[in-house]
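The structure appears right after this line, and notes come after that.
There are 2 protein chains.
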Amino acid sequence: MSELRDKIIKNSLELFSSNGYHGVSVNDIVQQCETSKGGFYHHFKSKDELLYVIHDTFILYVLNEANQAKKRYDRPMFQLEEMLRALVRVYDLYNEHIIVFNQEYKYLKQEYNELIKQKRDRYEEILKEVIEEGQQCGEIRQELPTTITSMSILGMVNWTYQWYKKDGPKTIDQIASTYIDIIFRGLLTTEALEEYQ
Amino acid sequence: MSELRDKIIKNSLELFSSNGYHGVSVNDIVQQCETSKGGFYHHFKSKDELLYVIHDTFILYVLNEANQAKKRYDRPMFQLEEMLRALVRVYDLYNEHIIVFNQEYKYLKQEYNELIKQKRDRYEEILKEVIEEGQQCGEIRQELPTTITSMSILGMVNWTYQWYKKDGPKTIDQIASTYIDIIFRGLLTTEALEEYQ
DNA sequence: TATGATAGACCGACTAGTTGGTCTGTTTAA
DNA sequence: TTAAACAGACCAACTAGTCGGTCTATCATA
Numbered sequence: 001m002s003e004l005r006d007k008i009i010k011n012s013l014e015l016f017s018s019n020g021y022h023g024v025s026v027n028d029i030v031q032q033c034e035t036s037k038g039g040f041y042h043h044f045k046s047k048d049e050l051l052y053v054i055h056d057t058f059i060l061y062v063l064n065e066a067n068q069a070k071k072r073y074d075r076p077m078f079q080l081e082e083m084l085r086a087l088v089r090v091y092d093l094y095n096e097h098i099i100v101f102n103q104e105y106k107y108l109k110q111e112y113n114e115l116i117k118q119k120r121d122r123y124e125e126i127l128k129e130v131i132e133e134g135q136q137c138g139e140i141r142q143e144l145p146t147t148i149t150s151m152s153i154l155g156m157v158n159w160t161y162q163w164y165k166k167d168g169p170k171t172i173d174q175i176a177s178t179y180i181d182i183i184f185r186g187l188l189t190t191e192a193l194e195e196y197q
Numbered sequence: 001m002s003e004l005r006d007k008i009i010k011n012s013l014e015l016f017s018s019n020g021y022h023g024v025s026v027n028d029i030v031q032q033c034e035t036s037k038g039g040f041y042h043h044f045k046s047k048d049e050l051l052y053v054i055h056d057t058f059i060l061y062v063l064n065e066a067n068q069a070k071k072r073y074d075r076p077m078f079q080l081e082e083m084l085r086a087l088v089r090v091y092d093l094y095n096e097h098i099i100v101f102n103q104e105y106k107y108l109k110q111e112y113n114e115l116i117k118q119k120r121d122r123y124e125e126i127l128k129e130v131i132e133e134g135q136q137c138g139e140i141r142q143e144l145p146t147t148i149t150s151m152s153i154l155g156m157v158n159w160t161y162q163w164y165k166k167d168g169p170k171t172i173d174q175i176a177s178t179y180i181d182i183i184f185r186g187l188l189t190t191e192a193l194e195e196y197q
């Protein structure tokens, strides 16, 4: 792609993630990038489109990882572990994307919102599928309601962006391991848990 | 307090939670309330102060519930259960507050932000204390890192606002029970879990 | 090789509209 | 009579987005 386009995305991410989408004007972005209004609008139809692009690159990545995790393993238990490790790992890679995503996705214009929502829903579906399959084959406790369970997991992991700091005392892998420890003990049947450990 | 003041808060909550803080102008609020700019600014110093008031009423309630839970029970295990049930219950009572809170707290002006952050931090401290005490008395597994664990719980529960619908298929109590089921199996030592069930 | 044409990248003054907030009143209730 | 409660015209600041124009690089043609 273009150099300026990348520069705009990179700088916008910094600005958005610390000041919020509405706390940053197109002029701010343009100034930070040492370019002009013309430069900006040459690459983006609107400020909204920029927000969309930020959302999309990140969610596309996550969705892709989830699909791969499903393919790589055939047992739900391991699919789930891989999905979670991948999702948590994203917090190192796309930290700023996620802050912006969670804070501002409500402000996406409808046309963009629908595109994002499709992928978001697809991810949730995959997670649900994995849990359902885990329940069917006796790895995950059947008495757990599938939706609440998958939302619990998603919540736990997604909340990371609220407190995780790259230079904090815990590495992202340590965090992932603790999540998986808690979730697996919480979800797995006694037999599956014994086998897993 | 004043009637108009309450009306402004009530209507703002509706507007903010569906359109976002930045998607709603003071004029929108004033129109919805069938009042005027004068009416609004008689009761609030600024639009920011309104946002602060919304944040504060909700977090004050949650903090209060947590303190009571700590007082009511002496065993960490039960303190934790009560804290979680109370926190989840808030999603029925303060649904709109929470949506606004999570979406917009970043946009609070510094003076307000600090006041909110204090209470928010205090809540997290209480949760951590409970978990630490649970670890010390052998109810909660000692190998779990306290911070990550408490953040996991907070994340799981706080995420509820993203998907919970009052008229959805699951009641808030069912959701709470599933959370507690997963968390307790995930956190408690084998002995404490047996005793609990 | 020299010349002219075309296209994309970028510039920045400008506009039309909106925003939060103010200020001078008027009404209402005690 | 007095003070609080409200009304609404008004303003300065700022916003996203536009538009005529420039600069540079590539490529066909003579």
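Protein chains in written order, with the UniProt record's numbering: chain W, 1 to 197; chain D, 1 to 197. Glycine residues also receive a C-beta, built at the ideal position from the N, C-alpha and C atoms. Computed from a predicted structure; not experimentally measured.
Do you know how far the Cα of residue j is from the Cα of residue i?
i, j, result
"residue 88 of chain D", "residue 180 of chain W", "23 Å"
"residue 80 of chain D", "residue 162 of chain D", "23 Å"
"residue 118 of chain W", "residue 168 of chain D", "20 Å"
"residue 187 of chain D", "residue 120 of chain W", "29 Å"
"residue 90 of chain D", "residue 128 of chain D", "20 Å"
"residue 18 of chain D", "residue 23 of chain W", "19 Å"
"residue 107 of chain W", "residue 28 of chain W", "19 Å"
"residue 64 of chain D", "residue 122 of chain D", "11 Å"
"residue 146 of chain W", "residue 43 of chain W", "43 Å"
State yes or no: is the C-beta of residue i nearer than 7 Å to some heavy atom of the ligand MG?
i, result
"residue 31 of chain D", "The ligand MG is absent from the structure shown, which contains no ligands of any kind."
Shorter than 8 Å from the beta carbon of residue i to some beta carbon of chain W?
i, result
"residue 134 of chain D", "no"
"residue 185 of chain D", "yes"
"residue 98 of chain D", "no"
"residue 175 of chain D", "yes"
"residue 22 of chain D", "yes"
"residue 46 of chain D", "no"
"residue 155 of chain D", "yes"
"residue 197 of chain D", "no"
Is residue i close to chain D, meaning its C-beta is less than 8 Å from at least one C-beta of that chain?
i, result
"residue 158 of chain W", "yes"
"residue 76 of chain W", "no"
"residue 13 of chain W", "no"
"residue 83 of chain W", "no"
"residue 144 of chain W", "yes"
"residue 123 of chain W", "no"
"residue 152 of chain W", "yes"
"residue 149 of chain W", "yes"
"residue 179 of chain W", "yes"
"residue 107 of chain W", "yes"
"residue 117 of chain W", "no"
Residue range of the alpha helix (DSSP H) that residue i falls in?
i, result
"residue 17 of chain W", "3-19"
"residue 88 of chain D", "76-93"
"residue 22 of chain W", "Note, residue 22 of chain W: premise wrong, no alpha helix (DSSP H); not H, not E."
"residue 138 of chain D", "That residue, residue 138 of chain D, is in no alpha helix (DSSP H); it is neither H nor E in DSSP."
"residue 147 of chain D", "146-158"
"residue 51 of chain W", "47-72"
"residue 105 of chain D", "Here residue 105 of chain D belongs to no alpha helix (DSSP H), and DSSP marks it neither H nor E."
"residue 177 of chain D", "172-187"
"residue 198 of chain W", "With chain W covering 1 to 197 only, the question about residue 198 of chain W has no answer from this structure."
How close, in whole Å, do the beta carbons of residue i and residue j come, if the pair is a contact with beta carbons under 8 Å?
i, j, result
"residue 72 of chain D", "residue 82 of chain D", "6 Å"
"residue 153 of chain W", "residue 183 of chain W", "6 Å"
"residue 13 of chain D", "residue 130 of chain D", "Contact doesn't hold; Cβ gap of about 30 Å is too wide."
"residue 84 of chain D", "residue 157 of chain D", "6 Å"
On the CB-based measure, 16 or more other CB atoms within 10 Å of its CB, does residue i come out buried or exposed?
i, result
"residue 60 of chain W", "exposed"
"residue 125 of chain W", "exposed"
"residue 25 of chain D", "exposed"
"residue 93 of chain W", "exposed"
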